[in-house]
Amino acid sequence: MRSGVGQLIGALTAREQLILRLRYGLGGEEEHTLEQIGQSLGLSRERVRQLEARALKKLRETAPAQNLHPILEP
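Take any residue in the sequence shown, note its place counting from 1, add 4, and you have its number in our numbering.
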């Protein structure tokens, strides 16, 4: 399933892609906390959470994401 998510994130901005990769350990990355991601990007933990939520919403709204619906639910 993670490979399917990896293909879908291509439609996101580079920053959104990076946040999802770091947050969920996609593409061989280690999973990171919101705090860790925020520190590495110079953002607050809350801003990272907002960007993550926006990216997941975009993914949920794409047609191919319907097959991945259970893992994209909040």
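Just so it is clear, CB atoms sit at the ideal spot from N, CA and C, and this is done for glycine as well.
Note that this is a predicted model, so its numbers are computed, not measured.
Per-residue burial, Ala4 [other beta carbons within 10 Å of its own, 16 or more giving buried]: Nothing can be reported for residue 4: it is not among the residues displayed for the chain, which extend from 5 to 78.
Please go through the same chain and pick out, in chain order, the residues whose beta-carbon is closer than 7 angstroms to the beta-carbon of Gly29, but skip the five residues on each side of it. Position 25 of the sequence shown, counted from the first residue, corresponds to residue 29. Taking C-beta separations shorter than 7 angstroms and ignoring five residues to either side along the sequence, the partners of Gly29 in its chain run Glu35, following chain order.
Check for me: the alpha helix (DSSP H) holding Ala57 runs from which residue to which? Here the question's residue 57 lines up with position 53 in the sequence shown. Unbroken alpha helix (DSSP H) run through Ala57: 49 to 65.
Span separating the alpha-carbon of Thr66 from that of Leu16: Taking the sequence shown and counting its residues from 1, one reaches residue 66 at position 62. Taking the sequence shown and counting its residues from 1, one reaches residue 16 at position 12. One Cα belongs to Thr66, the other to Leu16, and the distance between them is close to 11 angstroms.
Which whole-angstrom value is the C-beta distance of Ile41 and Arg27, which I expect to be below 8 angstroms? The residue labelled residue 41 in the question sits at position 37 within the sequence shown. The residue labelled residue 27 in the question sits at position 23 within the sequence shown. In this structure Ile41 touches Arg27 by the C-beta definition: roughly 6 angstroms separates them, less than 8 angstroms.
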